[in-house]
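Q: Structure below; questions to follow.
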Amino acid sequence: MEDKQAICDAFLTTLQLTRRYEDIQSIDYDAATETVTVTYNEISHRSINVECDSGIAMIQDILKNI
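Numbering (the numbering used here), first residue to last: 3 to 68.
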């Protein structure tokens, strides 16, 4: 079983190293709803459905939706 929050944490660090995504503050995985919330600041965020995704599929879905 993959640690999806750990994947999100590592992916966040990678994205923050880029100019395009340096403003992302957090990427949080919710196992109960199988969603990822990408937070840009206190009022700007995006929820992404990652239901049934593997770790790599989750990364692809995040990248497609941010």
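Heads up, the beta-carbon is just placed ideally off N, CA and C, and yes, glycines get one too.
With a cut-off of 8 Å on the beta carbons, I'd call V40 and H47 a contact; round off their distance for me.
A: So it is a contact: roughly 6 Å between Cβ atoms.
Q: Please report the residue range of the beta strand (DSSP E) in which N43 lies.
A: No beta strand (DSSP E) contains N43, which DSSP labels as neither H nor E.
Q: Alpha carbon to alpha carbon, how far is Q18 from A8?
A: Answer to the nearest angstrom: the Cα atoms are 15 Å apart.
Q: Could you give the first and the last residue of the continuous alpha helix (DSSP H) run that contains I9?
A: Unbroken alpha helix (DSSP H) run through I9: K6 to Q18.
Q: Helix, strand or coil: which one does DSSP assign to D63?
A: The answer is helix: DSSP assigns D63 an H, G or I state.
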